[in-house]
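**Student:**
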Amino acid sequence: MKIGIVGLGLIGGSLGLDLKTRGHEILGVSRQETTCQIALEKNIVDYASTDLSLLAAAEIVIVCTPIGSIASIVARLVPYLSPDTIVTDVGSVKEPIVEACTPLWSNFLGGHPMAGNTDRGIHAAQTDLFTGAAYVFTPTATTPPVAVEKLEAIARALGMMTYVCSPEVHDRAVAWISHLPVIISTNLITSCLQERDSQVLELAQKLASSGFRDTSRVGGGNPELGMMMAKYNRQALLRSLAQYRHSLDEIITQIERENWDNLERVLETNQQARPKFLN
Ligand code: NAP
Numbered sequence: 054m055k056i057g058i059v060g061l062g063l064i065g066g067s068l069g070l071d072l073k074t075r076g077h078e079i080l081g082v083s084r085q086e087t088t089c090q091i092a093l094e095k096n097i098v099d100y101a102s103t104d105l106s107l108l109a110a111a112e113i114v115i116v117c118t119p120i121g122s123i124a125s126i127v128a129r130l131v132p133y134l135s136p137d138t139i140v141t142d143v144g145s146v147k148e149p150i151v152e153a154c155t156p157l158w159s160n161f162l163g164g165h166p167m168a169g170n171t172d173r174g175i176h177a178a179q180t181d182l183f184t185g186a187a188y189v190f191t192p193t194a195t196t197p198p199v200a201v202e203k204l205e206a207i208a209r210a211l212g213m214m215t216y217v218c219s220p221e222v223h224d225r226a227v228a229w230i231s232h233l234p235v236i237i238s239t240n241l242i243t244s245c246l247q248e249r250d251s252q253v254l255e256l257a258q259k260l261a262s263s264g265f266r267d268t269s270r271v272g273g274g275n276p277e278l279g280m281m282m283a284k285y286n287r288q289a290l291l292r293s294l295a296q297y298r299h300s301l302d303e304i305i306t307q308i309e310r311e312n313w314d315n316l317e318r319v320l321e322t323n324q325q326a327r328p329k330f331l332n
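Quick note on numbering: my numbering labels position 112 of the sequence shown as 165, and the sequence is numbered without any gaps.
1) Here's a check: name, in chain order, each residue in its chain whose Cβ is nearer than 6 Å to the Cβ of Val-189, leaving out the five neighbours to either side.
2) Just checking Asn-286 against the ligand NAP - is the residue's beta carbon closer than 8 Å to any of the ligand's heavy atoms?
3) Any idea what DSSP makes of Glu-311, helix, strand or coil?
4) Determine whether the beta carbon atoms of Ile-139 and Val-114 lie at a separation below 9 Å.
5) Does the stretch 198–215 come within contact of the stretch 153–164, defined as at least 3 CB pairs closer than 8 Å?
6) From the DSSP output, in three-state form, read off Lys-55 for me.
7) Within the same chain, show all residues whose beta-carbon is closer than 7 Å to that of Arg-129, passing over the 5 residues directly before and after it, in chain order.
8) Could you compute how far the alpha carbon of Gly-174 sits from the alpha carbon of Thr-243?
9) Is there at least one non-hydrogen atom of the ligand NAP closer than 8 Å to the beta-carbon of Met-281?
10) Can you grab the Cα-Cα spacing for the pair Thr-306 / Val-151, in whole Å?
11) Which residue or residues does DSSP assign as beta-bridge partners of Phe-330?
12) Use the C-beta contact count for Lys-329: other C-beta atoms within 10 angstroms, 16 or more gives buried, fewer gives exposed.
13) Would you kindly work out how many angstroms separate the C-alpha atoms of Leu-316 and Ile-308, rounded to a whole number?
14) Residue range of the beta strand (DSSP E) that Phe-161 falls in?
15) How about Tyr-297: is its C-beta nearer than 9 Å to some C-beta of chain C?
16) In or out: Ser-67 buried (at least 16 other Cβ within 10 Å) or exposed?
17) Could you spell out where the beta strand (DSSP E) holding Val-140 opens and where it closes?
18) What does the alpha-carbon distance come out to for the pair Thr-118 and Ile-64?
19) Using alpha carbons as the reference points, say which of Asp-99, Arg-84, Gly-274, Glu-205 lies closest to Thr-141.
20) For the beta strand (DSSP E) containing Ile-113, name the first residue and the last one.
21) State buried or exposed for Glu-303, treating a residue as buried only when at least 16 other CB atoms are found within 10 Å of its CB.
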């Protein structure tokens with residue numbers, strides 16, 4: 054199948070690598086000429102250009118650019134597409150993108166591969182990034198079922214588990230497990246930096262090990278991605294943050310009152326609940 058990818062960064066480049074090894078012909082479009090050259094050299098794509106007209110031959114186009122640019126790219130892409138071409142995106146937020154893109158192209162299906170890391174750009178592209186991860190598709194009442202079937206089949210061929218839900222449900226779910234953690238994690242770093250005693254701060258930085266590496270990882274990653282998540286999933290994120298603040302206040306109260314039994318019960322409940330999020 055001829056598959057077009059717009060935005061040859063971490064996600065677009067990694068998709069190119071894996072789709073190519075599954076036998077697809079990859080037409081890549083990126084903003085910078087140098088990125089296109091690197092994508093060709095690294096065998097991420099078969100053809101590359103900064104011009105969206107390259108995608109006229111594509112049967113499927115996957116838009117892998119930052120969230121805020123996706124709808125305008127779909128609008129600029131439309132004049133080159135044949136009526137059967139399926140257009141999808143990989144944006145981490147779905148409702149505003151699906152609302153903007155569906156009127157532009159009736160064969161549009163929102164998607165979100167739940168894999169990534171804190172790096173960005175073409176040099177971050179890697180093979181097998183998606184193996185074992187979830188891929189969520191968010192059709193509306195007007196999305197052609199064949200678009201869902203074809204994209205689910207491609208995702209499964211990459212070794213991914215597919216899920217289908219509404220854009221709204223997607224955004225509320227990822228607010229809990231992806232966007233809230235980014236904000237909590239970045240705020241952890243902010244809070245540590247408030248330490249006034251430079252000797253304590255320097256020692257803390259030297260002693261930080263796997264626990265801090267795990268808890269600060271998502272908050273110390275791509276700033277543009279974190280900002281876009283908050284901007285485009287604002288309502289759902291604020292809802293999750295309000296609950297987080299409430300839960301944090303409760304824990305502070307337990308510690309202030311030295312209610313160690315209550316605190317231990319909370320920790321036990323969460324120890325049992327955690328695996329349900331990680332299966
Ligand atoms: P990234 O590494 O920064 O890659 C985005 C690429 O898009 C850049 O390399 C840039 O290419 C290109 N680009 C930017 N504006 C463009 C434009 N107007 N036209 C064509 N290309 C353009 O970011 P990413 O992490 O892959 O994220 C891309 C999308 O994936 C986002 O929508 C994000 O929400 C979603 N996503 C990210 C993750 C994650 O963990 N990172 C996970 C799932 C989904 P040039 O080098 O040519 O400038």
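Beta carbons are placed, not taken as given, at the ideal position from N, Cα and C, and that holds for glycine.
**Tutor:** Taking the definition as stated:
1) On the sequence shown, position 136 is the one that residue 189 refers to. Excluding the 5 residues flanking it on each side, Val-189 has same chain C-beta neighbours closer than 6 Å at His-165, Tyr-216, His-223, in chain order.
2) One-based indexing of the sequence shown puts residue 286 at position 233. For the ligand NAP, not one heavy atom lies less than 8 Å from the Cβ of Asn-286.
3) Taking the sequence shown and counting its residues from 1, the one referred to as residue 311 is at position 258. Coil at Glu-311, not helix or strand.
4) Here the question's residue 139 lines up with position 86 in the sequence shown. Here the question's residue 114 lines up with position 61 in the sequence shown. Yes, the Cβ-Cβ distance between Ile-139 and Val-114 is below 9 Å.
5) yes
6) Looking up residue 55 in the sequence shown gives position 2. Strand, per DSSP.
7) Reading the sequence shown from its first residue, position 76 is the one you call residue 129. Answer for Arg-129: Leu-105, listed in chain order.
8) The residue labelled residue 174 in the question sits at position 121 within the sequence shown. The residue labelled residue 243 in the question sits at position 190 within the sequence shown. Taking the straight line from one Cα to the other gives about 25 Å.
9) As a first step, residue 281 must be located in the sequence shown, where it is residue number 228. The answer is yes for Met-281.
10) Taking the first residue of the sequence shown as 1, we reach residue 306 at position 253. Taking the first residue of the sequence shown as 1, we reach residue 151 at position 98. Whole-angstrom Cα-Cα distance: 42 Å.
11) Within the sequence shown, residue 330 is the residue found at index 277, counting from 1. Under DSSP, no beta-bridge partner is assigned to Phe-330.
12) Your numbering for residue 329 matches position 276 in the sequence shown. Exposed is the call here.
13) Taking the first residue of the sequence shown as position 1, residue 316 is located at position 263. Taking the first residue of the sequence shown as position 1, residue 308 is located at position 255. Between Leu-316 and Ile-308, the C-alpha separation is close to 7 Å.
14) Locating residue 161 in the sequence shown gives position 108, counting from the first residue. 161–166 is the span of the beta strand (DSSP E), which, as asked, contains Phe-161.
15) Any reference to chain C falls outside this structure, which holds one protein chain only.
16) Residue numbering aside, residue 67 sits at position 14 when the sequence shown is read from its first letter. It counts as buried.
17) If you number the sequence shown from 1, residue 140 lands on position 87. Its beta strand (DSSP E) spans residues 139–142.
18) Along the sequence shown, read from residue 1 onward, the residue named residue 118 stands at position 65. Along the sequence shown, read from residue 1 onward, the residue named residue 64 stands at position 11. Cα-Cα distance, rounded: 9 Å.
19) Numbered from its first residue, the sequence shown carries residue 141 at position 88. Closest by alpha carbon: Glu-205.
20) Taking the first residue of the sequence shown as position 1, residue 113 is located at position 60. 113–116 is the span of the beta strand (DSSP E), which, as asked, contains Ile-113.
21) As a first step, residue 303 must be located in the sequence shown, where it is residue number 250. Exposed: under 16 other Cβ atoms inside 10 Å.
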